[in-house]
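Data first, discussion second: the structure below is written as structure tokens.
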Amino acid sequence: MCVCKSNCINYSGEKNRVSKAVVLLSGGLDSATTLAIANNEGYECYALSVNYHQRHIAELKAAKKIASQFKVKDHKTVEMDLSWMLTSALTNPDLKVPTELTPHIPITYV
134 MCVCKSNCIN YSGEKNRVSK AVVLLSGGLD SATTLAIANN EGYECYALSV NYHQRHIAEL
194 KAAKKIASQF KVKDHKTVEM DLSWMLTSAL TNPDLKVPTE LTPHIPITYV
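Just so you know, we're using our numbering here: the sequence shown kicks off at 134 and counts up by one.
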């Protein structure tokens, strides 16, 4: 097993191919940081976002901007129906988005 950096020569004598990474990019801080780390470590990055018809579509706009800034190889957004998950204020239009902090998992969690 080769344990050296990605620019080493593998056992067959061929130079290793560029490693690829798929990052699930929501547009939030955690996934943006994950993309930054993968990019910084030399991975050829691809981004995948999910449109679950959330109230705050700004997340998907942010994901598109972040993917562009990091020059990902490709960024795809897939549609996913999460309407069955009516316990989140982000997917259930009948629930109000809370404005105050609580000690519990917020109803905006998906």
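Note that the Cβ used here is the ideal one computed from N, Cα and C, for glycine as well.
Where residue i and residue j are concerned, what is the direct C-alpha to C-alpha distance, given to the nearest angstrom?
i: A195; j: V155; result: 17 Å
i: H186; j: A171; result: 27 Å
i: H208; j: L193; result: 11 Å
i: H237; j: P231; result: 12 Å
i: K229; j: T210; result: 26 Å
i: D227; j: S216; result: 12 Å
i: L197; j: N173; result: Correcting the residue identity first, residue 197 is Lys in this sequence and not Leu. The straight-line gap from Cα to Cα measures roughly 19 Å.
i: A191; j: G160; result: 8 Å
i: R150; j: D163; result: 28 Å
Helix, strand or coil, according to DSSP, for residue i in the structure here?
i: E212; result: strand
i: L181; result: strand
i: D227; result: coil
i: K198; result: helix
i: L234; result: coil
i: L157; result: strand
Please work out which residues of its chain come closer than 8 Å, Cβ to Cβ, to residue i, disregarding the five sequence neighbours upstream and downstream, and give them in chain order.
i: L168; result: V156, L158, C178, A180, I199, A200, F203, V205
i: S152; result: S139, G175, Y176, E177
i: D214; result: Y185, H186
Who are the near neighbours of residue i in its chain, counting only those whose CB is closer than 7 Å to its CB and skipping five residues on each side?
i: T166; result: none
Give every residue of the same chain whose Cβ lies closer than 6 Å to the Cβ of residue i, excluding the five residues on either side of it in the sequence, and list them in chain order.
i: E233; result: none
i: E212; result: N184
contact_flag[the region 150-165, the region 173-185] where n(CB pairs < 8 Å) is 3 or more
yes
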